[in-house]
Every structure is written in C-alpha cells, then in structure tokens.
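Each residue of the sequence shown is one higher than the last, beginning at -18 in the working numbering. Glycine residues also receive a C-beta, built at the ideal position from the N, C-alpha and C atoms. Every value quoted in this text rests on a predicted model; they were computed, and no experiment measured them. The structure appears right after this line, and notes come after that.
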Amino acid sequence: MAVESILVVDDEPLVRDLLNEVLKREGYRVTLVKDGHSALKRIKENHFDLVVTDVKMPGLDGLTLLKEIKKVSPSTFVMVITAYGSIEDAVQAMKEGACDYLTKPVIPDQIKIAIQKISQYQNLLRENRYLKSEIDHIYRNKQLIGESPPMKRVYRMIAKAAPTKSTVLIYGETGTGKELVAREIHNISPRKRRPFIKVNCAALPEDLLESELFGYEKGAFTGALEKKEGRFELADTGTILLDEISETSFNFQAKLLRVLQEREFERVGGTRTIKVDVRVIATTNMDPLEAVKKGKLREDLYYRLNVIPISLPPLRERKEDIPLLVNYFLKKYDSQDGRKLKEVTPECLEMMSRYHWPGNVRELENAVQRAIVVSEGNYITPRDLFLQINNDDAISEFPFDFSDATLEEMEKRLIQYTLRKVAGNRTRAAEILGVSVRTIRNKIKKYHLT
Ligand SMILES: Nc1ncnc2c1ncn2[C@@H]1O[C@H](COP(=O)(O)OP(=O)(O)OP(=O)(O)O)[C@@H](O)[C@H]1O
Ligand SMILES: [Mg+2]
C-alpha cells in the first residue's frame, strides 16, 4: 500500500522535469500536468496515491486544488510546494489537510524523505488496523464458558446491560469471572471500538489512586513535573472498569460519586472542570449490601453503582459447568502440535465435582494447567489434581478442639482455617475476620503460615 502513483502539478517546466526525473528514478509512476484544472480532471479519471502541487499557479491555485482533491479523493495524499519564505501558504496548506510541504528550490533528497514519511505513516495505519483486529480476536477467544442456569442468567444480564450506558456492578467471589464479564459487556456494546480502561482500586493507596483516575496538573504535588491525563480522560467515549471498589476509602468513594452523578471532575491540583462520556463498570468480591453494612461501601455510592447488578455464581453452585470448563482449559493449555489432547478420567471429574473450589474458575484453570504438566501419559487422574478434598471437607467443619488451647494457638488456627477457606486470599480473610490486611500479613509472618 506504499505510494506508487504520483501526479505532479506545476506551471514551471523546469520544476516538472526535475521532479519527473527524481521520482521516476525512485521507481514511482509519474504523471505531469501544468495547471490545477487539468490536475483535477486527471484525478477524477484515475487514482493517485500522492499529488505534489505548486501553490502559485495561474487558474486554479494549489490550495484550492488541495481542497477539491480532499472532496473527490480523500485518500490521496497532497504535498504542496511553496515559494521560499511564504510560510503562511505552508501553514494554510497543512490546515487544509496537506500531508507535508516543500519549499522552492526543491531539493531531490527532501522530496524522497517526504514520500518515505508517507509510507511510514501508512505502515502505522496498517499496523493499527491489524492490532485492532488482533485485539478483537483475543477477546473473542476469551469467552465465558458455562451453560448452567445461573450462567444463563448472567448472559441475559450482560445482553441487557451491553447496549445501554448504565453503570454496572458485578459482584462475586474471587475467580468467578468478574473481569471477563466486564470485558464482554464492553466488547458487545456500541463502545467496543473505544477504549476499555481497567483500574485496580485495591492496588493503589488513596492519593495515588486519585491522581491515576483524575489526572493531575503540573505542580499539583512534588514530582508533578507535567500535567497528566487520568484514566477517566483516557476512557472518554469508552468504558472504565473500577475493580474492587469496596477496597477504597469513603473519602475516595465520595469523589467517585460525583463523577458518576455529573460525569465531570477536576484534575488533582486543577480548577478546570473536565467533562467525560464514560461508561462505568465496578466490581467487588463482597456482597454489596453486606459491604454497605460493614462500612466498606458508601450507601449512596452503592445506589449509584447498582443500576444494573450482576451477581456471579461461585463454581460450586454450578458444578454442571465443570466438564465444559475442564475441556475448555484442556484445549487452551494442552496444545502441543501433533499429540492428542490429554483426557480427564471419570474419577477425576467426579473428584472435581466434590471439591468446593474456593478460588472458583481461576483455581480450576490453574489446576488443569498444572495437571497437564504433571500427568504422565494421556490421562489426567485424581492424583494429578492435588485437590485436598478430605482436608477441605474437614476444615469446613472447623474441627479444632479448643478446650485446652492457648489464645495464641486459637488465633493461629482460626487464621489458618480462614486462609484455606478463601484459597489464601488475604483481603478476603481480613474481611471475614474483621481485621486489616496488614494485621493478617503480620500474623502470617508471626505464625509462619503459608
Ligand atoms: N465462565 C468462565 N469461562 C471461562 N473462563 C473463566 C470464566 N470465569 C472465569 N474465567 C477465567 O478465570 C480467571 C479469573 O477470572 P476473572 O479475572 O474474570 O475473575 P474475577 O472474578 O475478576 O477474580 P478476582 O476477584 O480475583 O479479581 C480468568 O483467567 C478467566 O479467564
Ligand atoms: Mg478481577
């Protein structure tokens, strides 16, 4: 798609001859005309990749010709040649959509470089188109698996939410596919070609999170050397995913509330109000009402977010989907050319459906991935899964005899029990036990828990 055909428009024979010689030597197909009207006639008859035109010509001048070309053949690049020193012409031409300008006297190398730049630009365009289609492909391949009634309910909610601009609140245990659902909503929404921006609210301390989301002005704080656009601005006309919203402070939640209500905000350290058109999707791994009760989620924010609630079922409540998921992950991870895919034995599937999957689909995905590696031969057997069914059943009954245990011992065991129940998710464990994540971290160190 590089530049191949070039139309040269100039009333001076010397310039035409020079360009003709230089460009032909470079291998381009060159057509020469001496005024704007004949140029336009040629362009209507044939396609040219590039038109190189003088500005000052009798009859139709170069700038008018440029405007006409943009009307009849918008994909044609136009380069203007201006007299030495007439910078206004050059500026005007660029404003009207010229891709570049040359000044007289034309130097051969200059025009060669200018045409190379066009080709580079075209390459970028092509690459961009390619990447867009790749991204589409990746997301199409990351599908939601499951045909159980609870999953069908989820699909119906996704279909309802996608065409609208309404805020969506997705909640469910860790690993149930909240992010996947958020992406799916975006991908089938009218905004699918626009940005999808994810913000992990749990990962950043409050002030960083604020400047990440809203951006900042130059000098807003030490180290703010340049102004920076926040994620809300980057997501303009697209979708923003606020992941783990219940991990943020009430103060921060109040600021979010305003954006949700007014779709406007100021950058940190700024006074100018910025308006955005952003679709908001939020997630939490707590039950939202429970989060409100526990003081993790502002009630007013909850009502704003909860326009379309989507609750994702834990895997243990849709065990009929396990075989589908196992097959899906086998195909995904066991793709060594030529060799037949490994199969899962019936005992293995049976064991999987007895297990209660605290880490949900993510845990299942990891288990299958690991089993593919450790299993010998063509079959994956219960041994390869490392699911501690018995232990897990045991801990779900909390069978510790506390009658003669010290307080420390009880604490240690309770923390260990809780951590196992939530598959090691410290945030969840902290929530359940009503302490801070830091406390959990310290106790894990203190008691040498894993
Ligand atoms: N229904 C599903 N079908 C196929 N893959 C799924 C499904 N649900 C989840 N997964 C996969 O499980 C993994 C975890 O999913 P995701 O990140 O969306 O979960 P999450 O609910 O956001 O978890 P967390 O609360 O820990 O952030 C991903 O690799 C995802 O592709
Ligand atoms: Mg997530």
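So residue i and residue j are in contact, right, with Cβ under 8 Å, and what is the actual spacing, rounded?
i, j, result
"P176", "G219", "4 Å"
"C182", "E228", "6 Å"
"I361", "V325", "5 Å"
"L518", "L306", "Since the first residue of the chain shown is -18 and the last is 431, residue 518 is not available in this structure."
"N308", "G156", "Not quite, the Cβ-Cβ distance comes to about 18 Å (not below 8 Å), so this is no contact."
"K15", "D(-8)", "5 Å"
"G250", "F310", "Wrong, their Cβ atoms sit about 47 Å apart, outside the cutoff."
"I92", "L83", "6 Å"
"L237", "L282", "6 Å"
On the criterion of 16 or more Cβ atoms from any shown chain inside 10 Å, does residue i qualify as buried, or is it exposed?
i, result
"N372", "The predicted position of N372 is uncertain, since its pLDDT is 47 and thus under 50; no value can be drawn from it."
"E378", "Legend: pLDDT at E378 = 45, less than 50; position of this residue unreliable, value from coordinates given subsequently. With fewer than 16 other Cβ atoms within 10 Å, it is exposed."
"D302", "buried"
"H167", "buried"
"A375", "Its pLDDT being 41, under 50, A375 is placed unreliably by the model, and nothing is read from it."
"K426", "exposed"
"S356", "buried"
"G66", "exposed"
"Q242", "exposed"
"Y152", "buried"
"G200", "exposed"
"K234", "Strictly speaking, residue 234 in this sequence is Gln, with Lys absent from that position. It counts as buried."
"L44", "buried"
"R299", "buried"
"M333", "buried"
"A71", "buried"
"F195", "buried"
"T252", "exposed"
"E210", "exposed"
"N104", "exposed"
"M(-18)", "At M(-18), the pLDDT of 49 sits below 50, so the modelled position is not reliable; the number obtained from the coordinates is stated separately. So M(-18) ends up on the exposed side."
"T431", "exposed"
"A140", "exposed"
"T34", "buried"
"R248", "buried"
Is it the case that the CB of residue i approaches a heavy atom of ligand 2 more closely than 6 Å?
i, result
"E390", "no"
"K435", "Residue coverage of the chain in this structure runs from -18 to 431, which leaves residue 435 outside it and unanswerable."
Is residue i near residue j, with beta carbons less than 7 Å apart?
i, j, result
"L(-12)", "N1", "no"
"V288", "F213", "no"
"T148", "L286", "yes"
"L215", "I178", "yes"
"R407", "I421", "yes"
"E451", "L47", "Given that the chain is displayed from residue -18 to residue 431, the structure contains no residue 451 and the question cannot be resolved."
"P295", "E154", "yes"
"V(-4)", "A20", "no"
"G17", "L41", "yes"
"V36", "T57", "no"
"L414", "T399", "yes"
"A74", "V61", "yes"
"W338", "R364", "no"
"G204", "L293", "no"
"V(-16)", "L31", "yes"
"I169", "A142", "no"
"R164", "F231", "no"
"L125", "L161", "yes"
State the beta-bridge partners of residue i as determined by DSSP.
i, result
"D224", "N181"
"V325", "I361"
"G196", "E210"
"F58", "L31"
"D81", "M60"
"P290", "L150"
"E245", "K256"
"R(-3)", "Partner(s): none; R(-3) has no beta bridge."
"A263", "L150 and L223"
"R10", "S(-14)"
Just to check, is the beta-carbon of residue i closer than 6 Å to a non-hydrogen atom of ligand 1?
i, result
"L125", "yes"
"N480", "Nothing can be reported for residue 480: it is not among the residues displayed for the chain, which extend from -18 to 431."
"V342", "yes"
"T155", "yes"
"E412", "no"
"E346", "yes"
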